[in-house]
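Heads up: the sequence lines are chains A and B, in that order. Basically our numbering = 1-based index in the first sequence + 1449. Basically our numbering = 1-based index in the second sequence + 11. Just so you know, even glycine gets a beta-carbon here, dropped at the ideal spot from N, CA and C. Values in this document were obtained by computation on a predicted structure and should not be read as measured data.
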Amino acid sequence: MLAAFVRAFRTPDLRKKLLFTLGIIALFRLGSHVPTPGISYTLVQQCLSAGRAAGGSDQSGFLNLANLFSGGALLQLSVFALGIMPYITASIIIQLLTVVIPRFEALKEEGQSGQSKLTQYTRYLTIGLAILQSATLVTFARNPSSLFGGSCPTIMPDDSMATILIMVLTMTAGTGLIMWFGELITDKGVGNGMSLLIFTSIAAGFPASLWAIKENKGWGTFLGIVLLGIFVIAAVVFVEQSQRRIPVQYAKRMVGRRMYGGTSTYIPLKVNMAGVIPVIFASSLLALPGLIAQFNTRADGNNPGWVTWVQQNLVRGDHPIYMAIYVGLILFFTFFYVSITFNPTEVADNMKKYGGFIPGIRAGRPTAEYLNYVLTRITVPGAIYLALISLIPLVALVLVGANQNFPFGGTSILIIVGVGLETVKQIEAQLQQRHYEGFLR
Amino acid sequence: MDAVRIALQVLLVLSSLVLTLFILLHKGKGGGLSDMFGGGMSTSLGGSSVAERNLDRFTVAVAAVWATAIIGLGLLARFAS
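If you want it as structure tokens, here you go:
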């Protein structure tokens, strides 16, 4: 394992790629601590510690998620405050629109060129969303008590129109820069840039939340949670790696004097085909009622009935109704997303085109039906597994009194393990090109 | 001191706009959502053209100006008051 690391750094161009990736990540983390012009760093720190002293985990779930994705940069209102969130949102929107808008679907079918067109749309949409979200964030910053909770009079020494405009512009450019960073890593570094940046942000929050548990509960609970975390990580790695291999036999063909095909391969169907996306969908969707209710609260505390109901049942993460809806949404979105990404009919058609078949099953429609059957059956445990993993932080909230960003569970662990595995696999593939031993055996 | 601050702010606004523009001019290299969080298979091919490499250089330069303006403004805010 360590020897493989050393070898990875001995290989000149792989070393260049790794160092490039690390450099970009360092720049990204650095930028997450540079305050936006117009924000007073000292005042923000005061507000943060005041909010923490007040026990401040009373922010809405969506804000929490956004803060998690930006690695704490959001609440510091740094230049990279929005982080990768606008890009994620834009990707989700574009992805969903491919189901709705025929033109987008046609682009998706088109292959490489259509895909790059879609990516271009995602980029434009990202900048648009970045303007919108930075404007929202700056509005919050003018009245910071909603952001930090409690005693926080102001964090902007000067809130004239010009300053606000400059802040919005800066944050938008920062978001664009992050997007470009991600693309640079994808292009010239190792792994997928965007997901590596998300990985960095989440991993950056790990030590702090672990330390918070130690401070609050003492060493006993701390050690217990670390052990539990290692166990959960092992379990997640196990499930992420598991797949069902459907054998595919290709017929031999003679083209001219050469023989083609005749090989036997397999289609890997992963247990968790959908990745973390269902969890992200579910939590962002579930944050909506709380957000709407927040807009409808009256200043005199005399709220409509449904607002009180929503705030009692749907905002707090440890309420049974919340958990039930959360699990339901995750189950639904897992099947939904798998059906978007893997189309059995298409795969069956492609196989037929190149003379492939599954042993014992006719090509064409029976193959599609068989694939669909296997896929549906294998997604059931996958969906249940996703729901269980994402319930961990909610259960921890009840048992240990940790905050929502409990490090070993939910979105964070799925993303960390998923991205880590993916990146290591890429490095390994690069090593294997030169006949070297990899990390995973 | 005010003159420096305003100059830096103007610089920041200009560089922000140009930076956003340059970044949008790049060809997108990300593969969308499924590429990001696993699920599905993807391949990324193709190097960058000369135009793209020049654009890279310009973008880095503008980003440097942008960062300098931000850091300058931050330092001014720290030590001016």
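Contact list for ILE24 of chain B against chain A, beta-carbon separation under 7 angstroms: In the second sequence, the residue the question calls residue 24 of chain B occupies position 13. Note that residue 24 of chain B is Val in the sequence shown, not Ile. Contact note: VAL24 of chain B reaches chain A through ILE1615 and LEU1618, using a C-beta cutoff of 7 angstroms and chain order.
Whole-Å CB distance - GLN20 of chain B paired with ILE1615 of chain A, under 8 angstroms assumed: For the purposes of this step, residue 20 of chain B is identified with residue 9 of the second sequence, where counting begins at 1. For the purposes of this step, residue 1615 of chain A is identified with residue 166 of the first sequence, where counting begins at 1. About 6 angstroms separates the Cβ atoms of GLN20 of chain B and ILE1615 of chain A, confirming a contact at the 8 angstroms cut-off.
Local conformation of LEU1531 of chain A per DSSP, three classes: Here residue 1531 of chain A is taken as the residue at index 82 of the first sequence, counted from 1. In the structure shown, LEU1531 of chain A sits in coil (DSSP, three-state: anything other than H, G, I, E or B).
Interface flag, ALA18 of chain B vs chain A, CB-CB below 8 angstroms: Position 7 of the second sequence, counted from the start, is the residue given in the question as residue 18 of chain B. Chain A contact via Cβ: absent.
Sub-8 angstroms separation of ALA1622 of chain A and LEU1526 of chain A beta-carbons: Here residue 1622 of chain A refers to the residue found at position 173 of the first sequence. Here residue 1526 of chain A refers to the residue found at position 77 of the first sequence. Between ALA1622 of chain A and LEU1526 of chain A, the C-beta gap is not smaller than 8 angstroms, which leaves the two residues out of contact.
DSSP bridge partner residues for MET1703 of chain A (one or two, in chain order): To locate residue 1703 of chain A, count along the first sequence from 1; it is residue 254. Paired residues: A:MET1708.
Anticipated Cβ contact below 8 angstroms, VAL1720 of chain A with SER1691 of chain A, distance rounded: As a working mapping, residue 1720 of chain A is identified with position 271 in the first sequence. As a working mapping, residue 1691 of chain A is identified with position 242 in the first sequence. The C-beta distance from VAL1720 of chain A to SER1691 of chain A rounds to 5 angstroms, short enough to fall under 8 angstroms.
Presumed contact (8 angstroms Cβ cut-off) between PRO1656 of chain A and SER1489 of chain A, rounded CB distance: The residue you call residue 1656 of chain A lines up with position 207 of the first sequence. The residue you call residue 1489 of chain A lines up with position 40 of the first sequence. Not quite, the Cβ-Cβ distance comes to about 26 angstroms (not below 8 angstroms), so this is no contact.
Backbone secondary structure at VAL1725 of chain A - three-state DSSP: Along the first sequence, read from residue 1 onward, the residue named residue 1725 of chain A stands at position 276. Judged by DSSP in its simplified three-state form, VAL1725 of chain A adopts coil rather than helix or strand.
LEU1626 of chain A at chain B interface by Cβ criterion, 8 angstroms: The residue labelled residue 1626 of chain A in the question sits at position 177 within the first sequence. Judged by the 8 angstroms Cβ criterion, LEU1626 of chain A is in contact with chain B.
Entirely enclosed beta strand (DSSP E) segments - the region 1796-1821 of chain A, minimum 3 residues: If we require 3 residues or more, the region 1796-1821 of chain A turns out to have no beta strand (DSSP E) run fully inside it.
Rounded C-alpha distance that separates ILE1841 of chain A from LEU1780 of chain A: Translated into the one-based positions of the first sequence, residue 1841 of chain A becomes position 392. Translated into the one-based positions of the first sequence, residue 1780 of chain A becomes position 331. For ILE1841 of chain A and LEU1780 of chain A, the distance between alpha carbons rounds to 16 angstroms.
Residue-chain proximity (THR79 of chain B, chain A), Cβ-Cβ < 8 angstroms: As a first step, residue 79 of chain B must be located in the second sequence, where it is residue number 68. No, no contact with chain A.
THR1816 of chain A at chain B interface by Cβ criterion, 8 angstroms: Translated into positions along the first sequence, residue 1816 of chain A becomes position 367. Answer no: the Cβ-Cβ gap between THR1816 of chain A and chain B never drops below 8 angstroms.
Nearest-angstrom Cα separation, counted from LYS1801 of chain A out to GLY1809 of chain A: Counting from one through the first sequence, the residue named residue 1809 of chain A turns up at place 360. Counting from one through the first sequence, the residue named residue 1801 of chain A turns up at place 352. Put simply, the backbone Cα of GLY1809 of chain A is about 14 angstroms away from that of LYS1801 of chain A.
Segment contact, 8 angstroms Cβ cut-off, at least three pairs: the region 1627-1639 of chain A with the region 1461-1476 of chain A: Taking a cut-off of 8 angstroms on C-beta distances, the region 1627-1639 of chain A touches the region 1461-1476 of chain A, as three or more cross pairs fall below it.
Cα-Cα separation between MET12 of chain B and GLY1867 of chain A, rounded to whole angstroms: In the second sequence, counting from the first residue as 1, residue 12 of chain B sits at position 1. In the first sequence, counting from the first residue as 1, residue 1867 of chain A sits at position 418. Cα to Cα, the separation comes out at about 50 angstroms.
LEU1713 of chain A (DSSP reduced to helix, strand or coil): On the first sequence, residue 1713 of chain A is found 264 positions in, with the first residue counted as 1. According to the sequence as given, residue 1713 of chain A is Ser; it is not Leu. Three-state DSSP puts SER1713 of chain A in a strand.
DSSP-derived helix/strand/coil call for LYS1663 of chain A: Residue mapping note: residue 1663 of chain A aligns to position 214 of the first sequence, counting from 1. Helix, per DSSP.
CA nearest to the CA of HIS1768 of chain A, picked from A:LEU1479, A:ILE1833, A:THR1816 and A:ALA1845: Walking along the first sequence from the start, residue 1768 of chain A turns up at place 319. Taking only the C-alpha atoms, the option nearest HIS1768 of chain A is A:ALA1845.
Closer than 8 angstroms to chain A by CB, ALA14 of chain B: Start at 1 with the first residue of the second sequence, and residue 14 of chain B comes out as number 3. Against chain A, the CB of ALA14 of chain B has no partner CB under 8 angstroms away; the residue lies outside that interface.
Assigned exposure category for ALA1731 of chain A - 16 Cβ within 10 Å defines buried: As a first step, residue 1731 of chain A is located in the first sequence; it is residue number 282 there, counting from the start. Label assigned to ALA1731 of chain A: buried.
Exposure label - THR1585 of chain A; buried when at least 16 CB within 10 Å: In the first sequence, the residue the question calls residue 1585 of chain A occupies position 136. By the neighbour-count rule (16 or more Cβ atoms within 10 Å), THR1585 of chain A is not buried but exposed.
The region 1800-1831 of chain A: positions lying closer than 9 angstroms to chain B by Cβ: Within the region 1800-1831 of chain A, no residue qualifies.
Cutoff 8 angstroms; reference PRO1830 of chain A; Cβ partners in own chain excluding five residues on either side: In the first sequence, counting from the first residue as 1, residue 1830 of chain A sits at position 381. By the criterion of a C-beta distance shorter than 8 angstroms, PRO1830 of chain A is surrounded in its chain by VAL1720, once the five residues flanking it on both sides are discounted.
CB contact below 8 angstroms: ILE1576 of chain A versus chain B: As a position in the first sequence, residue 1576 of chain A is number 127, starting the count at 1. It does: the Cβ of ILE1576 of chain A has a partner Cβ on chain B nearer than 8 angstroms.
Alpha-carbon to alpha-carbon, ILE1674 of chain A and GLY1667 of chain A: Here residue 1667 of chain A refers to the residue found at position 218 when the first sequence is read from its first residue. Here residue 1674 of chain A refers to the residue found at position 225 when the first sequence is read from its first residue. When rounded, the distance between both Cα atoms is 11 angstroms.
Members of the region 26-37 of chain B near chain A, C-beta cut-off 8 angstroms: Residues of the region 26-37 of chain B with a C-beta less than 8 angstroms from any C-beta of chain A: SER26, SER27, LEU28, LEU30, THR31, ILE34, LEU35 and HIS37, listed in chain order.
Cβ contact (3+ pairs, closer than 8 angstroms) linking the region 1531-1545 of chain A and the region 1570-1582 of chain A: Taking 8 angstroms as the limit for Cβ pairs, the verdict is that the region 1570-1582 of chain A does touch the region 1531-1545 of chain A.
Secondary structure, alpha helix (DSSP H): runs of 4+ residues fully inside the region 1629-1702 of chain A: Here the runs fully enclosed are 1642-1666 and 1668-1690.
Whole-number beta carbon distance between ILE34 of chain B and GLY1625 of chain A, since they are thought to touch under 8 angstroms: Against the first sequence, residue 1625 of chain A aligns to sequence position 176. Against the second sequence, residue 34 of chain B aligns to sequence position 23. A Cβ-Cβ distance of about 4 angstroms is found for the pair GLY1625 of chain A and ILE34 of chain B, placing them in contact under the 8 angstroms criterion.
Collapsed DSSP secondary structure at PRO1484 of chain A in the structure displayed: In the first sequence, counting from the first residue as 1, residue 1484 of chain A sits at position 35. Here PRO1484 of chain A carries a strand assignment [DSSP, helix/strand/coil].
Three-state secondary structure assigned by DSSP to LEU66 of chain B: Residue 66 of chain B sits at position 55 when you count from the first residue of the second sequence. The answer is helix: DSSP assigns LEU66 of chain B an H, G or I state.
Contacting residues, own chain, Cβ-Cβ under 6 angstroms from GLY1480 of chain A (five flanking each side not counted): As a working mapping, residue 1480 of chain A is identified with position 31 in the first sequence. Close CB contacts of GLY1480 of chain A within its chain, under the 6 angstroms cut and outside five residues either way in sequence, are with VAL1528 and PHE1529 (chain order).
Segment limits, alpha helix (DSSP H) that includes LYS1557 of chain A: Numbered from 1 along the first sequence, position 108 holds the residue referred to as residue 1557 of chain A. 1551-1558 is the span of the alpha helix (DSSP H), which, as asked, contains LYS1557 of chain A.
Under 8 angstroms between C-beta atoms of PHE1648 of chain A and PHE1477 of chain A: Within the first sequence, the letter at position 199 stands for residue 1648 of chain A. Within the first sequence, the letter at position 28 stands for residue 1477 of chain A. Inclusion of PHE1648 of chain A and PHE1477 of chain A in the CB contact set at 8 angstroms is not warranted, their separation being larger than that value.
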